Amino acid sequence: MDTIIDLFERSCLKFPDNPYLWEKKDGKYEALTYGRAKSRVMEIAAGLLAVGLKKGQRVALLSEGCSDWVCSELGILYAGGVNVPLSIRLTARELVFRINHSGARFVFVSPFYLHILNSILGELESVEKIVVFRSSGEMTGLCSSFARLVQEGRRWLGVHPGHLEEIACSVKSTDMANISYTSGTTAEPKGIILTHGNYVCNVLQADSLIRIPEFYKVLLFLPWDHSFAHTVGIYSFMYNGASLAAVDFGNSPMDFLRNIPLNMREIKPHVLLSVPAIAKNFRKNIEAEIQRKGRFVTFLYMRGLKFAYWYYGDGNYRKKGLKVLVAPVKHFFDSLVFSRIRKSFGGNLRFFIGGGALLDVELQKYYRALGIPMYQGYGLSEASPVISSNTPECHKFGSSGRPVTPMELRICDADGGIMPLGEQGEIVIRGGNVMRGYWCNEISTAETIREGWLYTGDLGFLDEHGFLTVLGRFKSLLIANDGEKYSPEGIEEAIVEKSRFIDYCMLYNNQSSYTVGLIVPNKNALREYIQGKHIEAGTIEGYKMMLDKIRRELMEYRYGGKYAGLFPERWLPAVVVILPAALNEKDGTINSTSKMVRRRITELYKSELAFAYTPEGKDILNCTNTRNIRKLFDN
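Following our numbering, the numbering of the sequence shown begins with 7 at its first residue and continues without gaps.
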């Protein structure tokens with residue numbers, strides 16, 4: 007198998023009657039089999055050829071996840087084209103850049119996002135036609151209905167028998183399949199060129215770690231344009247003859263979020279792909295429901311968690327020894343408490359696959375205790391994206407699992423020297439999953455790929471058991487004034503995870519004598535806190551009490567505190583900056599996978615950071631923090 011087309015053809019021959027794509031129509035999920043999906047793909051590919059698509063030309067795709075999303079991408083590839091998948095969370099400005107930079111001739115779009123394209127039509131330099139999903143009537147201007155494209159495809163197939171098959175067979179493993187744009191945590195978006203061979207290689211690599219049986223279903227609620235959902239969800243499930251379901255989008259993004267729990271009970275997925283932000287939200291909802299059931303259920307739940315944490319230890323890569331003797335206790339808590347929680351996920355859920363960002367150890371232990379373990383993996387869009395993963399057979403909490411095979415992985419120092427086991431350095435890989443390069447950006451390509459090795463920019467180490475631990479971004483390191491460096495992600499995640507009063511924490515130190523913590527407080531928790539002290543919200547006294555509470559939460563990590571010794575004190579925030587607004591995609595402070603965009607946060611709050619390095623700024627009750635917390639509560 008050399009191409010994505012080969013992957014799909016293999017599954018259509020091997021599993022023609024298996025369901026591949028599930029979508030909710032008229033209130034009920036309906037399946038599109040592999041055989042029927044292929045007919046649809048051929049019609050779309052022929053439709054694109056009928057309107058003039060040539061080999062190597064780009065077609066953009068802007069839509070929520072649906073069956074037409076997958077069929078359209080495959081149709082583009084069968085016609086010899088290149089898909090440019092676009093996030094539905096992009097702003098109009100961001101869309102203009104990506105569509106123009108890629109030189110897309112055509113755009114597939116959902117009706118929900120057509121108005122955004124219409125607002126920027128005059129700025130799109132290369133677009134000749136916009137094909138609108140779920141539309142059938144006549145449309146004006148550049149817009150055309152999806153039904154019409156399919157109709158033209160049927161006609162074209164009748165006039166040119168066998169020609170589409172010739173074009174599909176001419177596609178090689180080295181041909182481009184996608185230009186996937188980075189999410190914006192770097193200085194500017196880069197177009198990652200992934201070839202057919204990259205995808206095929208990574209699907210087979212991922213399959214070497216976790217095998218997906220053909221009866222498995224996944225409910226795919228992550229953005230389908232994201233490389234994690236793309237390879238692990240769409241293509242790995244395709245390769246194994248399994249199926250994927252789209253969340254019912256409803257009429258808005260809010261409907262989408264509300265429908266996830268309902269759709270899980272309807273689809274009964276065997277696997278879910280998740281990122282830490284979603285996993286944390288699931289846990290919050292579970293624990294809120296447990297508390298509603300009363301003190302006795304809460305007591306059983308907490309005792310069950312405590313026992314399961316001890317029982318599973320730090321994973322299953324070592325034998326449990328005498329712990330097997332107390333397995334009946336584990337089964338007791340499981341049947342009484344945890345099995346009921348699993349029913350809310352549909353009842354069939356075997357495990358989560360976690361990616362997209364670092365997942366803290368506590369969350370991994372929590373889901374293992376529930377009986378639906380979250381196998382943390384690590385990847386990078388430039389690597390198609392899977393690099394490593396924990397698996398049902400072998401996992402270690404806190405790690406990102408063992409590297410895929412075949413692939414080479416090294417840990418290197420700043421000069422490219424190979425580090426010994428256990429030593430930290432930059433994660434560097436080489437294999438068939440490494441991207442071709444960045445679209446129209448030779449300089450960045452040369453910086454990132456050197457002699458075939460992909461320099462990921464991520465900091466990590468390998469242990470003696472072969473597990474990879476990822477510590478954070480190599481370039482996001484805190485740098486003290488003596489040149490010593492430290493990765494901030496572990497501290498940031500612990501602060502947010504262990505304090506209900508803090509929603510976001512970003513540490514900053516650019517060659518200074520102390521570290522600053524930029525904090526977004528949790529408004530509800532702080533409001534409840536001062537009300538419990540009988541202090542009125544909206545008063546100076548109330549704001550000062552809130553700021554002091556944040557200070558005391560952070561002091562818990564220093565000598566004498568509850569979490570003392572978890573991290574070196576010199577890297578803990580010595581000064582606090584309260585941010586006046588929640589981080590959000592609109593202002594670019596988080597990206598589409600809820601990762602903080604450090605560059606943007608630093609840029610947006612540079613005056614607050616400058617003030618933090620003055621004598622006046624060191625006091626948490628300073629005028630800037632008082633003003634910002636008031637502004638936060640006024641929003």
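In this text, a Cβ means the ideal position worked out from N, Cα and C, and glycines have one as well. Small disclaimer: the values here were computed from a predicted structure and weren't measured.
What residue range is occupied by the uninterrupted alpha helix (DSSP H) comprising N269?
-> 259–273
Assuming V206 contacts I10 (C-beta within less than 8 Å), just tell me the rounded distance between them.
-> Taking C-beta atoms under 8 Å as the contact rule, V206 and I10 qualify, at a distance of about 7 Å.
Based on the DSSP secondary-structure assignment, which residues constitute the bridge partners of I424?
-> C418
Could you pull out every unbroken alpha helix (DSSP H) segment of at least 4 residues lying fully inside the segment 317–398, listed in chain order?
-> 333–339, 345–349, 367–376
Could you say which of A531, I596, L101, G71 lies nearest to A235 if we only look at CA atoms?
-> G71
Opposite R605 in the DSSP bridges: which residues?
-> Bridge partners of R605: none, in fact.
Taking only runs of the alpha helix (DSSP H) that begin and end inside the segment 77–128, which ones reach a length of at least 4 residues, in chain order?
-> 98–108, 120–126
Whether I359 touches Y381 by CB criterion (9 Å) = yes
Excluding the five sequence neighbours on either side, which residues of its own chain have a C-beta within less than 7 Å of the C-beta of C4, listed in chain order?
-> For residue 4 there is no data in the structure shown, the boundaries of the chain being 7 and 641.
Please look up how many angstroms separate the CB atoms of P579 and L638, rounded, as I've assumed it's under 8 Å.
-> The pair is not a contact, with the Cβ atoms about 18 Å apart (cut-off 8 Å).
Within 9 Å, strictly: CB atoms of L163 and V113 = no
For the beta strand (DSSP E) that contains I136, what are its first and last residues?
-> 135–138
Taking Cβ to Cβ, would you say D213 is nearer than 9 Å to S249?
-> no
Look at the Cβ atom of F14, then the Cβ atom of V65, and state whether they are nearer than 9 Å.
-> no
Taking Cβ positions, are L386 and V343 nearer each other than 9 Å?
-> no
So does the segment 196–205 actually touch the segment 252–271, counting three or more Cβ pairs closer than 8 Å?
-> no
How big is the Cα-Cα spacing for L553 and I635?
-> 8 Å
Span of the alpha helix (DSSP H) around R506 | Segment: none, R506 is in no alpha helix (DSSP H) and carries neither H nor E.
What runs of the alpha helix (DSSP H), each 4 residues or longer, lie entirely inside the segment 209–252?
-> 242–245
Rounded C-alpha distance that separates R264 from R356 = 23 Å
Would DSSP call T191 helix, strand or coil?
-> Its pLDDT being 41, under 50, T191 is placed unreliably by the model, and the measurement read from it follows with that caveat. Looking at T191 - three-state DSSP - the assignment turns out to be coil, as it is neither helix nor strand.
Report whether the distance from the Cβ of E495 to the nearest heavy atom of the ligand SAH is below 8 Å.
-> In the structure shown, the ligand SAH is absent, as is every other ligand, since no ligand is present at all.
Report the rounded CA-to-CA distance for F221 versus V88, giving the unit in angstroms.
-> 31 Å
Within 10 angstroms of its Cβ, does H337 collect 16 or more other Cβ (buried), or is it exposed?
-> So H337 counts as exposed.
Can you tell which of M244, Q537, L215, R99 has the C-alpha that lies nearest to the C-alpha of L38?
-> M244
What residues match up with I455 in a beta bridge as DSSP calls it?
-> In the DSSP output, where bridge partners are listed per residue, I455 has L460.
Beta carbon of N90, beta carbon of R104: below 9 Å?
-> The sequence shown places Val at residue 90, rather than the Asn named in the question. Taking 9 Å as the Cβ cut-off, V90 and R104 qualify as a contacting pair.
Report the partner residues of K491 according to the DSSP bridge assignment.
-> Note: K491 sits in a beta bridge opposite I485.
For Q211 and V392, believed in contact at Cβ under 8 Å, the rounded distance | 6 Å
Quick one: is D74 buried, meaning 16 or more other Cβ sit within 10 Å of its Cβ, or exposed?
-> buried
Throw me the rounded Cβ distance for the M182 and I198 pair, which I believe falls under 8 Å.
-> So it is not a contact: roughly 11 Å between Cβ atoms.
Could you tell me whether the segment 505–512 touches the segment 591–608, where touching means 3 or more Cβ pairs closer than 8 Å?
-> Enough Cβ pairs lie closer than 8 Å, so yes.
Go through its chain and collect everything with a Cβ distance to S179's Cβ below 8 Å, but skip five positions before and after it.
-> D8, T9, T201, H202, G203, V206
For T304, does the three-state DSSP call read helix, strand or coil?
-> helix
Counting Cβ pairs, one atom from each stretch, are 3 or more of them under 8 Å apart for the segment 459–466 and the segment 421–437?
-> yes
Kindly indicate which residue of S132, I273, T97 has the alpha-carbon position closest to the one of H121.
-> T97
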